[in-house]
Every structure is written in C-alpha cells, then in structure tokens.
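Working notes for the structure below.
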Amino acid sequence: MDKIIKEIEDMSLNAWPSHKMELYDGWILRFSYFYTHRTNSVEQFGTSTLSWREKVSFCEAEYARLGSPAIFKISPLVSPDFDYLLENRDYEIQHTTNVMAASLDGTDLSAPCDLVTLTDDIPDIWIESLFDLKGTINPVHRAVVPSMYHAIVKDTVCASIWNNGKIIATGLGILDRNYIGLYAIHVREDFRHKGYARQICTALLKEGKKKGATKAYLQVVEGNTPARNLYESLGLHYVYTYWFRVQTHTD
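Under our numbering, the residues of the sequence shown are numbered 327 to 577, in order.
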C-alpha cells in the first residue's frame, strides 16, 4: 500500500506546481500566497538528516518571511510522531482529504459526455472561468495562479461545458505514468444536479484511457458527500486520507 501512496503523492506534486518552492533536507517548502493548502505547505519526500524540531523552526521562519503560517501535509507516509509533535506546537488540523483511485477497466464510462469540450492545453479563459466558479476574488491569486497552471509539466486534458458563451463546468486531467489524475471539477451553482460533473469526469476518464492511462486517481475533501458519491458511482474507491497541520500562533 505504501508504494501506491508514494506513487500518488509524487504524481500529485507533479500535477500542481507551486508559485515558489524550496528544498530543505528532504523536505519541499511550497508557497503560493495561500491559494490552496496543497500548494502552500511542506511535504516530506526524502531522508532527513536534521532533527524535526530544528526543521520545523526553520520552516516557520521561512513561511513567516513570506507572510504565511507554516503548514505541513500529513499523509500515511509521514510518521505519526511528527504529527504529534505539531499537535504539541498547537498546529490545528485543516482540509482533511480522501484520495480515491481505480483501474480504468473497472470504471463506469457509460454516461454521455457530448456537451464536454476537450483541449490538450489549458486556455486562459478556462482558468478565469474556474476562478469565477470557485469565487476566487483575491487579485494576487488571479495574477499568480495562471502561471502555476501553465507550469504543469505533464500532459493535460482540459474539460469544459459551455452555456450562452460562458464556461459553467470545468475539469482537468493530468497524465502521469499510467494514471490520469482528475482535478478542478467544478460546476456553477445554478447548473448543479444536471449530471454535468459526471459528464466532465466521464469525458476525462475516456480521454485518459485513449491516451494510454490504465488507472485514475483524485482527491476529495472529507465531508463532500455528493462528490464522493459521484466518484464511487464511477468506480473509484477510497485509498487513503491526508490532512494539513496549520500553525495557529505566529508570534
């Protein structure tokens, strides 16, 4: 199981570049003006030679310099003792997320997806529309994040559904190894419950299969029951959970 988790964790790092990154003794510090937890946190990917306490203090100072609380991603690959250390430093748990995966041969691809437009690149209009769907109004995020999408090094499949000249549903597939990762599945609130998210996911999974993928993975925030029900109905199953420890005191 650890091998599968490590594989997905590596691919998720490839899939979502941060605005700034720093390597430090087997850890990677990611900073993106607090756009998302994933792109604004510390991840452990290699062997440590320094003590945890020394490294946590270093990370806290680096994030403070950049105007952000320190955030650490805790996956099953991270020692429970490290999570406990952060808890004792008054770090709180935020954004608990479940990772799901499937063999594409076991997924339900029967839903029609004729409304979905697919492109290999990520157009700026798609990114702007995603901001609108998510309610992203921070001008720094709107200025910086497009470059993060354009920095994705892996092949992509960009999905959208249009209505009256506007994108009202989005999705992004990122191809890595023999997987397609599903990201940015959003539907405008007044167009929900019409099966558009299912169409987006189905189109991405089909296209991934066409491009050589044999497996799929995605991440869904814990408590988002409608999304998880959709993904389970498509044939994806729970693999593991991760969460973020967020610094609450920065003085």
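From the three backbone atoms N, C-alpha and C, an ideal C-beta is built for every residue, glycine too.
No experiment lies behind these values; they were computed from the predicted model shown.
Figure out for me which residue from the options has the closest Cα to the Cα of residue i.
i	options	result
V572	L412, L355 and F371	L412
I504	K329, G538 and M347	In the sequence under discussion, the amino acid at residue 504 is Asn, which differs from the Ile named in the question. It is G538 whose Cα lies nearest to the Cα of N504.
S377	D407, S394 and K460	D407
D450	A523, A469, T540 and I354	A469
Y541	A523, L501, M327 and S383	The question names Tyr, but residue 541 in the sequence shown is Lys. Closest option to K541, Cα to Cα, is L501.
I354	E388, G461 and T574	E388
M474	T462, I463 and I448	I448
H345	N366, D336, M327 and E333	N366
D328	E533, Y509, S401 and L508	S401
G461	R514, C439, G521 and P438	R514
G534	S559, D481 and G491	D481
H563	K520, Q525, D434 and D458	D434
Y557	L508, K536, H519 and Y566	L508
Compute the beta-carbon to beta-carbon distance between residue i and residue j, rounded to the nearest angstrom, for a pair I have assumed lies under 8 Å.
i	j	result
H512	A495	7 Å
V368	K399	7 Å
I493	L531	About 20 Å; that fails the 8 Å criterion.
I334	Y522	That belief does not hold up - the Cβ atoms of I334 and Y522 are roughly 26 Å apart, past 8 Å.
Q525	C439	4 Å
Using the C-alpha atoms, what's the distance from residue j back to residue i?
i	j	result
A390	A396	7 Å
G549	N555	11 Å
G497	R356	23 Å
S436	Q545	22 Å
D516	Y410	43 Å
H363	L403	18 Å
L339	C527	21 Å
L456	I330	30 Å
V471	G372	27 Å
A553	N424	11 Å
A427	F384	35 Å
Y361	H421	13 Å
D336	W452	26 Å
R379	A510	35 Å
S429	H575	43 Å
T375	V382	13 Å
V479	G499	13 Å
L459	L349	33 Å
V466	M347	17 Å
L560	P343	27 Å
N464	Y566	32 Å
E308	K536	The first residue shown for the chain is 327 and the last is 577, placing residue 308 beyond what the model contains.
L392	K520	42 Å
With burial defined as no fewer than 16 other Cβ atoms inside 10 Å of the residue's Cβ, what is the status of residue i: buried or exposed?
i	result
E351	Reading off the sequence, residue 351 comes out as Asp, not Glu. By the neighbour-count rule (16 or more Cβ atoms within 10 Å), D351 is not buried but exposed.
S358	buried
V547	exposed
G432	exposed
L477	For the record, residue 477 in the displayed sequence is Ala; it is not Leu. Burial call: exposed.
Could you check if residue i belongs to the surroundings of the ligand MN, using beta carbon to heavy atom distance under 7 Å?
i	result
D407	The ligand content of the structure shown is nil, which means the ligand MN is not present either.
Three-pair Cβ contact test at 8 Å for the segment 437-445 versus the segment 481-493: Judged by Cβ distances under 8 Å, the segment 437-445 makes contact with the segment 481-493, as three or more pairs qualify.
Inter-stretch contact at 8 Å, needing at least 3 Cβ pairs: the segment 558-574 / the segment 417-428: Taking a cut-off of 8 Å on C-beta distances, the segment 558-574 touches the segment 417-428, as three or more cross pairs fall below it.
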